[in-house]
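**Q**
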Amino acid sequence: MDNTLLQRITHNPNICHGKPCIRGLRYPVEFILELLSSGMTTEEILKDYDDLESEDILAVLLFAARLSQVKSIHRIAS
Numbered sequence: 001m002d003n004t005l006l007q008r009i010t011h012n013p014n015i016c017h018g019k020p021c022i023r024g025l026r027y028p029v030e031f032i033l034e035l036l037s038s039g040m041t042t043e044e045i046l047k048d049y050d051d052l053e054s055e056d057i058l059a060v061l062l063f064a065a066r067l068s069q070v071k072s073i074h075r076i077a078s
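Here UniProt numbering is used: the first residue of the sequence shown is 1, the next is one more, and so on.
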């Protein structure tokens, strides 16, 4: 199931400057995370953006969860 969801997250240098997006659409993962963190529900997001599906929101959350599973973070520059 995880791999199926993660396949919804795509990277294309010609779309949104190569940021991870949903299914090649111009919805960056960060945009959906910002909507969710602002308090919007999945249902509200789906109502406002007709071309999104509930699995897209789950894919965004799974992608973010995977990114947060890094072992350590190192400062590159001050």
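All residues carry an ideal CB built from backbone N, CA and C; glycine is no exception.
#1: From which residue to which residue does the alpha helix (DSSP H) around T41 run?
#2: Quickly, what does DSSP pair I22 with across the bridge? List them, please.
#3: Classify L6 as buried or exposed, calling it buried when 16 or more other Cβ atoms lie within 10 Å of its own Cβ.
#4: For A59 versus I9, is the C-beta distance shorter than 7 angstroms?
#5: Ends of the alpha helix (DSSP H) at V60?
#6: Going by CA-CA distance only, name the one from T4, L25 and N3 that's closest to D51.
#7: Closest to I32 by CA distance: which of S54, N12, I73 and K71 is it?
**A** Answer, in terms of the structure:
#1: Within the sequence shown, the letter at position 41 stands for residue 41. Run containing T41: none; DSSP gives neither H nor E here.
#2: As a working note, residue 22 is residue 22 in the sequence shown. Note: I22 sits in a beta bridge opposite I9.
#3: Within the sequence shown, numbered from 1, the residue matching residue 6 stands at position 6. By the neighbour-count rule (16 or more Cβ atoms within 10 Å), L6 is not buried but exposed.
#4: Position 59 of the sequence shown, counting from 1, holds the residue named residue 59. Position 9 of the sequence shown, counting from 1, holds the residue named residue 9. Yes, the pair counts as a contact, with Cβ atoms nearer than the cut-off.
#5: Looking up residue 60 in the sequence shown gives position 60. Its alpha helix (DSSP H) spans residues S54 to L67.
#6: Within the sequence shown, the letter at position 51 stands for residue 51. Taking only the C-alpha atoms, the option nearest D51 is L25.
#7: The residue labelled residue 32 in the question sits at position 32 within the sequence shown. Residue S54 is the option with its Cα nearest to I32.
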